[in-house]
Each structure stands twice: as structure tokens, then as C-alpha cells.
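Here is the structure we will look at.
Numbering (the working numbering), first residue to last: 50 to 419.
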């Protein structure tokens, strides 16, 4: 078979033309590949965001309906901001200059919280609760509102709960007195108040080892940067019959979370939740330890130890009664905090909230009956 010069020349010209075309279109091809990669990345990000959104919507619905008047109102309509008490300080060696707190005379009786209710003791807000230790035992008597406090933390972390400061009757009187002053006296009083506030800020910054500028910097509370996860210990099944002898301690929790969610959210949440756990981005609220039978408590304590040890970079809040103080703090190593009982101001606010809700629900019922 002879050499065909014509076909060889045509093939060579076609190859050169193709190579030249690819060279000229190299930028378009690169842009197309980059666009495909970006679309894949965007699709992956959208899937993750959609998974987060489905989970968040399910958790908000769960928290908003977790109260006695489920069908009448959302929890945020009647919610009173929970406040928390730290444990009394341990005895320390006497110093030359002893500074006594005026609150040391207030009885600390977590098993009888009503004795502490009338006193205006120092408390922690939800945002302040996130600034200390990352493994807490929330202790309070049954029926005192521990689960509601966890729901409030969940809604606060998701930006759904905003708490207004209660009306300060004393401050109202002071403001009325100041308004009655003439301009000169009012200016003097305002100047004195500003100086006093400045000194207080300087003192607080000095105690915390901060500067005034850093203290004034606005920062997002830790709970708002974490994914809230609520489970009841009775829903945790960590037995060998289900999982075998060696399991990831997070698996029983993930399955318990799935049972709370809708079908679509239950199928998309586990992978995202594992990612959050591994990155230390979960706020884990585990309820109901004191509601378990004694033999179940022993089994769940072992699971809690393993779970916290494996994922200690996350934030843990575990509820119990004051009688479980030793088990939760000594065996697991949790820091105790106590749920503050309602004050008179809280009760007044609760009545006002219920009155507002009742007027709306009563109006709807009247219109339906009419």
C-alpha cells in the first residue's frame, strides 16, 4: 500500500487546525471548567444550607410548641427570660484585706428554691452562661422550668427569642425627679451619672483584664454561633444489642435527633450534625437525667462520659435535680449552675404575657362561635 500524500496533508492540516482552535479557546475552556467546579461547590453548599434550614425549622417548631398551651401560642409569646445562679465559692485562705459580698447571707438552698426567690441576687443571663465552662450541669427541682430553660436557650441561639428588661419602678421615680429639675441642675446630675458609669466600666474592665475599647466591641454570643441540639435521655439507646460493643458515642444521639424531625430533615441532618460535632460547633442540651430509673441512670452515665470525652470541644448542658449534684459534677466533671426561681417581677411579667395571649386566642374563639 503506497503512501498517500494528499490524505497525509489533509490529516496534518486538520490536526494543526484543531490544536490551534484549542489553543485559542483555552481561556473559554478554563472558564467553563471553573464554572462547573463553582456550580458543584455551590450545589454542595446549597445542600448543606438546605439541610441546616430544614433542621432549624423543625427545631424551632419543637421549641415553640414545648409548653402547656401548645395550640394557643408560641413559647416566645409567654416566655420569661431564665436566669441562672453560680455555685457558692469554695472556702479560701483568709487574706489581709477580706472583702465580703453582701450576698453571702442569702440562703443557698437549691432543693428549696422558694427561700431564695425574694432576694435580688446576682444572676447570669443566657448569653453570659456561654462565657464560662463548656460543660454545665443545670440543676433545679422537678417542675421548676428546666426544659423550658433549654427551649429558651434554643430559641435564643437561633435568634427567635428577644428578652426585654423588666420595668424598673425605682428608675422610673428617679427619671421623674430628674425631669422636674431645672436645666442647670439636670445637666449637673447627668454629668455625675456619666462619670459614675465611666468609673464602673473601668472597674469592670480592670477586673476582667480588658480594655475599655475591647469591652465595648460588639461580639456575637457563643450560643448564636453553635447549632442547638436537644434530646431527652430516655430517647438515647446505647445498648450493645442495637449498636454492638464498639460504637461512636454520637450515634445514639444522632438517631434520637432524627426521631424528632420530619422525614426529609431526618435524612439530611446526620451528616451535617456529625460535621458540627467534629468541628466543635454544637450546643448539646441533654434533658431528663433525674427522670430515669436508677439502673438506667447508671447506663446513661457511662454513655455521657464517653460522649463528652470524644466531643469535649462542643458545649454541653445536662439537666438534673440538686440531689444529682455529686454524680454530674464529680463523675462526669460538669460545672454546676442553678436555675433561679421566679421573682415578683417575673410573675407580673408572666401574668401580662398570658393576658395578652388570652385576649388574642379568646378573640379568635369568639369569632368562631359567632
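Don't be surprised by glycine CBs; every beta carbon is placed ideally from N, CA and C.
query, result
"Rounded C-alpha distance that separates residue 91 from residue 178", "No answer about residue 91 holds up, because its pLDDT of 43 lies below 50 and its placement is not dependable."
"Rounded separation between residue 97 and residue 201 - CA only", "Low local confidence applies: a pLDDT of 40 at residue 97 is under 50, so the model's placement there is unreliable, with the coordinate-based value given in what follows. Approximately 25 Å between the Cα atoms of the pair."
"Buried/exposed call for residue 131, threshold 16 Cβ in 10 Å", "buried"
"Nearest candidate by alpha-carbon position, reference residue 185, set 158, 357, 399, 155", "357"
"The region 189-208 contacting the region 333-346, beta-carbon criterion three pairs below 8 Å", "yes"
"Three or more C-beta pairs below 8 Å linking the region 300-320 and the region 276-290", "yes"
"Residue 336: first and last residue of the uninterrupted beta strand (DSSP E) it sits in", "331-336"
"Three-state secondary structure (DSSP) of residue 385", "strand"
"Check whether residue 367 and residue 383 have beta carbons under 8 Å apart", "yes"
"Identified DSSP bridge partners for residue 281", "336"
"Top-ranked residue by Cα proximity to residue 111, from 154, 156, 197", "197"
"Start-to-end residues for the beta strand (DSSP E) that takes in residue 365", "364-369"
"For residue 161, three-class secondary structure by DSSP", "coil"
"Own chain, CB closer than 8 Å to residue 223, minus 5 neighbours either side, in chain order", "none"
"Exposure label - residue 276; buried when at least 16 CB within 10 Å", "buried"
"Local conformation of residue 324 per DSSP, three classes", "helix"
"Per DSSP, the bridge partner or partners of residue 152", "Bridge partners of residue 152: none, in fact."
"Beta-carbon proximity list for residue 378, same chain, < 8 Å, skipping 5 on both sides", "186, 384, 385"
"Residues near residue 115 by beta carbon distance below 6 Å, same chain, minus five either side", "200"
"Three-state secondary structure assigned by DSSP to residue 265", "Any answer about residue 265 is weak, because its pLDDT of 48 lies below 50 and its placement is not dependable; what the coordinates show is given next. If DSSP states are grouped into helix, strand and coil, residue 265 belongs with the helices."
"Buried/exposed call for residue 152, threshold 16 Cβ in 10 Å", "exposed"
"Own chain, CB closer than 6 Å to residue 160, minus 5 neighbours either side, in chain order", "371"
"For residue 108 and residue 310, the rounded distance between their alpha carbons", "8 Å"
"Between the CA atoms of residue 137 and residue 246 - distance to the nearest angstrom", "28 Å"
"Whole-angstrom distance between residue 338 and residue 346, CA atom to CA atom", "7 Å"
"Check whether residue 126 and residue 376 have beta carbons under 8 Å apart", "no"
"Residue 390, buried or exposed, once every other Cβ within 10 Å from all chains shown has been counted against 16", "buried"
"Bridge partners - residue 185, DSSP secondary structure assignment", "366, 384"
"Proximity of residue 314 and residue 103 at Cβ, strictly below 8 Å", "yes"
"Of the residues 237, 220, 157, the one placed nearest residue 189, counting alpha carbons only", "157"
"First and last residue of the uninterrupted beta strand (DSSP E) at residue 135", "133-135"
"Residue 204 in three-state terms, based on DSSP", "helix"
"Span separating the alpha-carbon of residue 352 from that of residue 306", "16 Å"
"Rounded separation between residue 401 and residue 273 - CA only", "28 Å"
"Classification of residue 117 by the beta-carbon crowding that lies within 10 angstroms, buried from 16 upward", "exposed"
"Close Cβ partners of residue 369 (< 7 Å) along its chain, the five nearest in sequence each way excluded", "186, 188, 338, 339, 377"
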